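Participant: Note that the sequence shown covers residues -3 to 209 in the working numbering.
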Amino acid sequence: MIEDEYLGRSLTDGPEPLTPTSPGDHIGVHAQKDGRFYIGAAPAVGRVNGELLLELADLIEAHGSQRLRTTPHQKIVVLDVAAEKVESLKRRPLRARPDPSPSVFRRSTMACTGIEFCKLSFVETKSTGITVIGQLEEALADVADQLPERLTLNINGCPNSCARIQVADIGLKGQLMAGDDGEQTPATKCTSEAGSRPPTATRKRASAAPSAG
Ligand code: SF4
-3 MIEDEYLGRS LTDGPEPLTP TSPGDHIGVH AQKDGRFYIG AAPAVGRVNG
47 ELLLELADLI EAHGSQRLRT TPHQKIVVLD VAAEKVESLK RRPLRARPDP
97 SPSVFRRSTM ACTGIEFCKL SFVETKSTGI TVIGQLEEAL ADVADQLPER
147 LTLNINGCPN SCARIQVADI GLKGQLMAGD DGEQTPATKC TSEAGSRPPT
197 ATRKRASAAP SAG
């Protein structure tokens, strides 16, 4: 319709988008162009708080870095780390240390703010994500090294899909579902394979309790 009724010509085809050759999430230790290094780490489902950030700020300052970034993948990146400081910074324990070597289940998990901070949400998302990561790490520990580098788990509090479950290997979506008595209650629907198949399982939640995480 656009071509026939408005443009009067065919739309011009552009080149196909490039296929990413790496996860692109900055996780791990990588060289900067200036000879120093940046370290990408994964707080579980992007969960941080003031206490953690202050602790992290003190830690990276003690290792000579003045710069820290957060990313759209819900990761933390510490910049400008000298080569001789990398191992010390990676090993230093924090109360809730963002993990620079996360498991395949922890690495690519993303959750929207959920019922804690979004009035549109039906369910809790962040602590659900942390729980699911722990369960996957335990249940699939013996096959984790056979899985691809990225296994994406995205969690939305409602169908608006800010955390983009449609492009995730496993997607969890909060919504209302009718029970046997016809009454609607908050539930979490599970989908898989980047939206290429219909939902494979549905798990009802008894309530949408606020997060403790
Ligand atoms: S997906 Fe829904 S609940 Fe989550 S942030 Fe977006 S609008 Fe809010």
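The beta carbon of each residue, even a glycine, is placed where N, CA and C say it ideally should be.
Computed from a predicted structure; not experimentally measured.
Residue range of the alpha helix (DSSP H) that Ile56 falls in?
Facilitator: Element bounds for Ile56: Gly46 to Ala58.
Participant: Mind checking which residues open and close the alpha helix (DSSP H) that includes Lys86?
Facilitator: Lys86 -> alpha helix (DSSP H) spans Val82 to Arg87.
Participant: State buried or exposed for Val100, treating a residue as buried only when at least 16 other CB atoms are found within 10 Å of its CB.
Facilitator: Its Cβ being crowded by 16 or more others within 10 Å, Val100 is buried.
Participant: Rounded to a whole number of angstroms, what is the C-alpha to C-alpha distance between Arg5 and Thr15?
Facilitator: Those two C-alpha atoms are separated by around 29 Å.
Participant: With DSSP as the reference, identify every bridge partner of Lys180, one or two as the case may be.
Facilitator: The amino acid occupying residue 180 in the given sequence is Gln; Lys does not appear at that position. Gln180 pairs with Ala174.
Participant: Measure the Cβ-Cβ separation of Ile151 and Ala107 and say whether it is below 8 Å.
Facilitator: Yes, these two residues count as a Cβ contact at 8 Å.
Participant: I'd like to confirm something about Ser123: is its beta-carbon nearer than 7 Å to some heavy atom of the ligand SF4, or not?
Facilitator: No, the ligand SF4 has no heavy atom inside 7 Å of this Cβ.
Participant: Helix, strand or coil for Leu3, going by three-state DSSP, please let me know.
Facilitator: Helix, per DSSP.
Participant: Ordered along the chain, which non-local residues of its own chain (more than five positions away) have a Cβ less than 8 Å from that of Pro19?
Facilitator: Here the set comprises Arg103, Ser104, Glu145 and Arg146.
Participant: Just to confirm, is the Cβ distance from Lys86 to Pro98 under 8 Å?
Facilitator: No; because the gap between Cβ atoms is not below 8 Å, this pair is not in contact.
Participant: Within the continuous alpha helix (DSSP H) that includes Thr124, where are the two ends?
Facilitator: Lys122 to Ala135 is the span of the alpha helix (DSSP H), which, as asked, contains Thr124.
Participant: Can you find a heavy atom of the ligand SF4 that lies under 7 Å from the Cβ of Gly110?
Facilitator: Result yes, Cβ under 7 Å from the ligand SF4.
Participant: Along the alpha helix (DSSP H) that carries Val100, what are the first and last residues, could you check?
Facilitator: Counting along the chain, the alpha helix (DSSP H) containing Val100 begins and ends at Val100 to Arg103.
Participant: Is Gly42 closer than 8 Å to Asp21 when the C-beta atoms are compared?
Facilitator: For Asp21 and Gly42, no; Cβs fall outside 8 Å.
Participant: Compute the Euclidean distance between the alpha carbons of Val25 and Gln180, then round it to the nearest angstrom.
Facilitator: Using only the alpha carbons, I get a separation of about 47 Å.
Participant: Thinking C-alpha only, which one of Ile23, Val82, Val128 and Ala58 is nearest Thr184?
Facilitator: Ranking Ile23, Val82, Val128 and Ala58 by Cα distance to Thr184 puts Val128 first.
Participant: Along the chain, where does the beta strand (DSSP E) containing Asp76 start, and where does it finish?
Facilitator: Note, Asp76: beta strand (DSSP E), Ile72 to Val77.
Participant: According to the neighbour-count rule (16 or more other Cβ atoms, all chains shown, within 10 Å of its Cβ), is Tyr34 buried or exposed?
Facilitator: By the 10 Å Cβ count, Tyr34 comes out buried.
Participant: Pick from Leu136, Thr121 and Gln70: whose alpha carbon is nearest that of Pro155?
Facilitator: The option with the nearest alpha carbon to Pro155 is Thr121.
Participant: Val74 and Ser61: beta carbons closer than 8 Å?
Facilitator: Yes, Cβ-Cβ distance for Val74 and Ser61 is below 8 Å.
Participant: Is the Cβ-Cβ distance between Val82 and Pro182 less than 8 Å?
Facilitator: No.
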